[in-house]
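Here is the structure we will look at, set down as structure tokens.
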């Protein structure tokens, strides 16, 4: 039983943070249900005219550029500044950064103008942010970019360096997830490769990470690591419940189900991670 | 067997009303599938340039401000006026009214300018409309606002008074639902507390209520009450089918499944309500 | 075992085409999961500022006007022209064409200005495109419009004529599906009537057809026919797995599940079609 992981999960269930999401319309329903499954509450709002008020009554802000448009990027900047000024955790999910100049520019502008608490993406996206440019194959990670366990130490060094340079928590997800606040770095081994056969597990994770950060503000790196373990563990539990004939749509449902049944004890017992 | 409830449900299945929804992008897919499950048909359209034509070929209009923006509020006003002028039932779901000035103002403006048939919300939202202002915790009902069975008579009085003042049907949903046309008031006892652990049951209910009103125009209050019973009963039936390891995502699917299997007889046998 | 159908399906699984979708927000999540289920990858992007870049890194473009608005129609034109210029397959799903002047005009403008590879709709929608006007009952096919097996030969003649006139592949879906490139015409008999009780099977099919076209560019008509067989067969397989108490929401999940389990062999064995 990992007491730290248990405490992080219990925190979400006890504090029930309201999470303001400015997120894409592809996976928004799953994001809302995943937050509810964790014990948090969602509020989706993306109009310039209300995002500051909405974020002010929330406990954290999740900014996801998956279906970015010129209207919502303004809302993201406004909400991000307000949430940061209020001391709320603010997370950036730079979906598809590198796939178009507009996405890369928007992600870079957000990073420059908003004091984010954390950024969560796949290797391509994070590399894009690191370089200020890059190439991304749609919104999925380049196979070539997947973190291999072999070079985990070197990847951890890169992530730690980037986190230190940006002054925030950086989480890079892939076969192994890495998360660092610039001083320490955790590698998370939970998860299933089949999760990439569903749309939205990354988006759900970003929302959950925001909720974990909001509920556990004194231990941010552990909170971020716990959300990575929780999402991956949910993928493992859900996979164990698959029946013959089930496919990616049922897997999607079972992952959210697994989150909704996850207690602090479940996470404490199932989390697989280590400090690098 | 409650013949009234049976008749209302049969009406939807026989008349298959086409319901125009201007609704939020979080739960829109569930709203469409819930309408189809009931025997009605959905058409989603929110552009100013076509909403009047679309609502003209529809049998009812469901206006939901869950992800309001400055573009769609204009469409809501145009469609609402057109639908009301054609004698179609028009329903307002003031999601999150009270959570931001923009939402409260939009809801109040809609109420002033459109002759709604019904409004359906949680206690916080309805109180906001009643007062012209208020506070809402995101889009979920304040726990403190839940209608307790103890003070049901007094709550029924308030709902009846508001319905009379606004000149439309008011439905307030919570642990017990109340619905009034200003003269009579029904309390509906169907439902499960676990339904609030899923996003979108309120949005689905609003769409269903619009369909029930469209299919049963001569008995509007009974139609509205029947939709409340139907949604609550679906939540009960679905809960009865939950297996170990199932969670909120599966529950979401099973609720819509239960609607799709619900006959007039099922509703007539399972509806639990009484006139106050 | 139909080797052609097997080859088409294997092509999608092997080439894993990235499909750019500018599609409606009602069914977009199902579209993304259906593409992933088939072995393809989705990228959703609808902002004028990035659609050309996004479509340039994709292998095919799916344009769906289900929740058209004045902002996205510009993006559809830009992306469509770019994709066609690059030789990518471009498909139009004219959802609800005929239901409003705006939709009809948008569909006609798209057809005039973009060199589409294929158009896929129900009989009402395709008749609207053929006539330049028409009537549509919401986004569902008029019952009166359903292709009856009796007059299949005459319907096939019409579809072939339209395909020849427009210079692209025309697919008309209903009780029997017809698809023609103007020279040959296939009738597809796979499918279940219950599929119309779920929102989004048409949208999923359009995205899949785009993926099949992208993966099998040398045999476009067979590719389009294979996607019709695959979607219909998935509906049949999914129906066979329904349990008492299941309804349209579970059916939705099981259809996508069936796609995700479908191999070239499954499709080769289950495809039911013939050249007319």
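Chains as they are written, first to last, in this note's numbering: chain G, 18 to 293; chain Y, 18 to 293; chain W, 18 to 293.
The beta carbon of each residue, even a glycine, is placed where N, CA and C say it ideally should be.
- Contact check between the region 24 to 31 of chain W and the region 62 to 81 of chain W: fewer than three CB pairs, one atom from each, fall below 8 Å, which does not count as touching.
- Residues of the region 34 to 60 of chain W with a C-beta less than 9 Å from any C-beta of chain Y: 41, 42, 43, 44, 45, 46, 47, listed in chain order.
- Per the DSSP secondary-structure output, residue 61 (chain W) pairs in a beta bridge with W:38.
- For the 8 Å CB-CB criterion, residue 85 (chain Y) and residue 125 (chain Y) do not form a contact.
- Counting only the Cα atoms, residue 135 (chain W) lies some 5 Å from residue 185 (chain W).
- The beta-bridge partner set that DSSP reports for residue 272 (chain Y) is empty.
- Residues of chain W whose Cβ lies closer than 7 Å to the Cβ of residue 215 (chain G) are, in chain order, 50, 53.
- For residue 225 (chain Y), none of the residues of chain G pass the 8 Å Cβ criterion, the least Cβ distance being about 18 Å.
- Any Cβ of chain W closer than 8 Å to the Cβ of residue 264 (chain G) would place that residue at the interface, and such an atom is present.
- Secondary structure in the region 169 to 214 of chain G: the alpha helix (DSSP H) runs of 4 residues or longer, each lying completely within the stretch, are 169 to 183 in chain order.
- Using a CB distance cut-off of 8 Å, residue 70 (chain Y) counts as an interface residue toward chain W.
- Not a single CB atom of chain G sits nearer than 8 Å to the CB of residue 209 (chain W).
- For residue 118 (chain W), the nearest CB of chain Y lies under 8 Å from its own CB, placing it at the interface with that chain.
- Contact annotation for residue 85 (chain Y) against chain G: 64 [CB-CB distance below 7 Å, chain order].
- Between residue 72 (chain G) and residue 99 (chain G), the C-beta spacing is below 8 Å.
- About 10 Å separates the beta carbons of residue 240 (chain G) and residue 225 (chain G), which is beyond the 8 Å limit, so they are not a contact pair.
- Here residue 31 (chain W) is exposed, its C-beta having fewer than 16 other C-beta atoms within 10 Å.
- At the C-beta level, residue 110 (chain G) and residue 80 (chain G) come within 8 Å of one another.
- For residue 231 (chain G), the enclosing alpha helix (DSSP H) stretches over residues 218 to 232.
- Put simply, the backbone Cα of residue 77 (chain W) is about 33 Å away from that of residue 245 (chain G).
- Residue 292 (chain Y) is bridged by DSSP to Y:203.
- By the neighbour-count criterion, in which 16 or more other beta carbons inside 10 Å mark a residue as buried, residue 231 (chain G) falls on the buried side.
- DSSP links residue 137 (chain G) through a beta bridge to G:188.
- Counting along the chain, the unbroken alpha helix (DSSP H) around residue 45 (chain Y) starts and ends at 45 to 55.
- Within chain G, the residues placing a beta-carbon under 9 Å from that of residue 270 (chain Y) are 270, ordered along the chain.
- Distance check between residue 149 (chain G) and each of G:133, G:172, G:179 places G:179 closest, using alpha-carbon atoms only.
- At a beta-carbon threshold of 9 Å, the residues of chain G lying near residue 274 (chain W) are 262, 263, 264, 265, 266, 267, 268, ordered along the chain.
- Inclusion of residue 275 (chain W) and residue 19 (chain W) in the CB contact set at 8 Å is not warranted, their separation being larger than that value.
- Under DSSP, residue 79 (chain G) takes part in a beta bridge, and its partners are G:38, G:108.
- Residues of chain G whose Cβ lies closer than 7 Å to the Cβ of residue 258 (chain W) are, in chain order, 262.
- Closest option to residue 176 (chain G), judged by alpha-carbon separation, among G:140, G:208, G:83: G:140.
- With 16 or more other Cβ atoms from the protein chains shown falling within 10 Å of its own Cβ, residue 55 (chain G) counts as buried.
- Taking 8 Å as the CB threshold, residue 82 (chain G) stays off the interface with chain Y.
- Contact annotation: residue 205 (chain W) and residue 169 (chain W) have beta-carbon atoms that are not nearer than 8 Å.
- Cβ-Cβ distances below 8 Å link residue 217 (chain G) to 43, 44, 47, 48, 269 in the same chain, with the five nearest sequence neighbours on each side left out; the list follows chain order.
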